[in-house]
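Chemist: Residue numbers (the working numbering): 199 to 318.
Backbone N, C-alpha and C fix where the C-beta goes; we use that ideal spot for every residue, glycine too.
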């Protein structure tokens, strides 16, 4: 009986560990995508641009880079979430926003909202 109880505790501990790791990956992946996407977008701050349209095209090109995990399914959706403008001081700015819904088998639904701002 004692051996069976030990096996049950061991099994529950392993099952809890597996569920915890899986949930951590499921909830952590959107944050990882955000950080990688943000760091690649921040690289644009070091490049100089003469026109707003050139800046917009470079932002879109940077977003479509192969090594960047893009949070958008298609280019039309990506451009819908991209806002590019030039402020009064002549600084070009871009803002990319998106939301990710994560639901761990109905137990803990959660919406994550992300925003990346780039200025040049």
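By the DSSP assignment, the beta strand (DSSP E) with residue 287 in it spans what residues?
Modeler: Segment: none, residue 287 is in no beta strand (DSSP E) and carries neither H nor E.
Chemist: Do the segment 208-224 and the segment 276-289 make contact, defined as three or more Cβ pairs closer than 8 Å?
Modeler: No: fewer than three Cβ pairs fall under 8 Å.
Chemist: Cβ of residue 306 within 7 Å of Cβ of residue 298?
Modeler: Cβ distance not < 7 Å, so residue 306 and residue 298 don't count as in contact.
Chemist: So for residue 240, helix, strand or coil by DSSP?
Modeler: Helix.
Chemist: Whole angstroms are fine: how far does the CA of residue 239 sit from the CA of residue 259?
Modeler: About 10 Å.
Chemist: Pick helix, strand or coil for residue 249, following the three-state DSSP scheme.
Modeler: Here residue 249 sits in coil by DSSP.
Chemist: Can you tell me whether residue 299 is helix, strand or coil according to DSSP?
Modeler: Three-state DSSP puts residue 299 in a strand.
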